Ligand SMILES: [Zn+2]
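In our numbering, the protein residues as written are 5 to 290.
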């Protein structure tokens, strides 16, 4: 998978359809492939990143006579069909002539724009630069929030489109319990996750549903996924009766059910009940 900057600019030769198609030709040394991801760099917005998306497929055709007449070396014209395009709420400027643009450049470590390769039409980016730009878009609050009612994240979505939905899920779940693991109570930043109750892999409809998530530390998250513990809607923690490991017991005896129930505000009890059912099933088959 490669990472690209696609420029949006006024041009007559191959009119683009922003959000749908990106057209280029054989004079570019690079080849865009299915599954690649891109950022739009909009020249009409004075050099600002305006969207993220993925390449669904690439088709090619011979250049027309008029195209070849205008630019002699053009023989093949490629069209990248775009998908999963997410437009930012606001453009992220990297213009050298504005304060915002200079600030964003400094933050991204762009000292020389030629290092980005954007003097060519469709330069590829390093994965780390791509990630840094996306992080900055999120940090500035420009990444749009996913649909309020629909929490599904279909498999057909690329990471670029799933990302805003899952970021929102993570933030909502972790903030709801003030970043505290609802099983053991640790609040160590970076150690806690937004965990799914009904699994991400199988429950497409509730992948981004905050009511399907709880804040768990890595230790408790693993224990829940392994069905060694379960949490019922009353906040009680069910622990495998034969669990004697003292460190495990230390984790699981820290909070009272009342304390846990308060941290579970906003969690759909139906999803908690699911963990209990799976735990019982696992224990009965042990
Ligand atoms: Zn924990």
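From the three backbone atoms N, C-alpha and C, an ideal C-beta is built for every residue, glycine too.
What you are looking at is a predicted structure, and each value in this text was computed from that prediction instead of being measured.
Which residue or residues does DSSP assign as beta-bridge partners of residue 12?
46
Whose C-alpha, out of 207, 91, 107 and 226, is nearest the C-alpha of residue 164?
Among 207, 91, 107 and 226, the Cα nearest to that of residue 164 belongs to 91.
Have a look at 222, 232, 194 and 268 and flag the residue whose alpha-carbon is nearest the alpha-carbon of residue 216.
268
Chain-order list of residues whose beta-carbon lies under 7 Å from that of residue 222 (same chain, five-residue window excluded):
195 and 197
In whole angstroms, give me the CA-to-CA distance for residue 98 and residue 86.
24 Å
Could you tell me which residues DSSP puts in a beta bridge with residue 91?
55
Counting pairs of beta carbons, one from the segment 176 to 188 and one from the segment 126 to 146, are three or more of them closer than 8 Å?
no
Count the other CB atoms, across all protein chains shown, that sit within 10 Å of the CB of residue 273; report buried if there are 16 or more and exposed otherwise.
exposed
So, at 8 Å on beta carbons, what are the nonlocal neighbours of residue 104 in its own chain, with the 5 sequence-adjacent residues on each side left out?
97
Rounded to a whole number of angstroms, what is the C-alpha to C-alpha distance between residue 263 and residue 242?
15 Å
Around the Cβ of residue 28, are there at least 16 other Cβ atoms within 10 angstroms (buried) or fewer (exposed)?
buried
Pick out the complete beta strand (DSSP E) segments inside the segment 131 to 217, 3 residues or longer, and give them in chain order.
Listed in chain order, they are 196 to 200.
Would you kindly report the start and end of the unbroken beta strand (DSSP E) that includes residue 243?
Looking at the DSSP string, the run of the beta strand (DSSP E) that includes residue 243 is 241 to 243.
According to the Cβ coordinates, are residue 212 and residue 169 closer than 7 Å?
yes
Same chain, Cβ closer than 6 Å to residue 228, five either side skipped, listed in chain order
none
What are the residues that DSSP puts in a beta bridge with residue 64?
82
Flag residue 187 as yes when its Cβ comes closer than 6 Å to any non-hydrogen atom of ligand 1, and as no otherwise.
Yes, ligand 1 has a heavy atom inside 6 Å of this Cβ.
Sequence-distant residues of the same chain with beta carbon closer than 7 Å to residue 185, five excluded per side:
196, 219, 220, 221 and 224
Taking all protein chains shown into account, do 16 or more other C-beta atoms lie within 10 angstroms of the C-beta of residue 123, making it buried, or fewer, making it exposed?
Residue placement at residue 123 cannot be trusted, given a pLDDT of 46 that sits under 50; what the coordinates show is reported in the next sentence. Counting Cβ neighbours within 10 Å, residue 123 comes out exposed, since fewer than 16 surround it.
Taking the Cβ atom as the reference point for each residue, do residue 7 and residue 155 lie within a distance shorter than 7 Å?
no
Whole angstroms are fine: how far does the CA of residue 18 sit from the CA of residue 202?
47 Å
At 3 residues or longer, and completely inside the segment 218 to 274: list those beta strand (DSSP E) runs for me, N to C.
233 to 235 and 241 to 243
Could you check if residue 129 is buried or exposed, using at least 16 other CB atoms within 10 Å of its CB as the buried criterion?
buried
Residue 31 and residue 63: beta carbons closer than 7 Å?
no
Quick check: the segment 54 to 69 against the segment 34 to 43, are there 3 or more CB pairs under 8 Å?
Verdict: yes, contact present.
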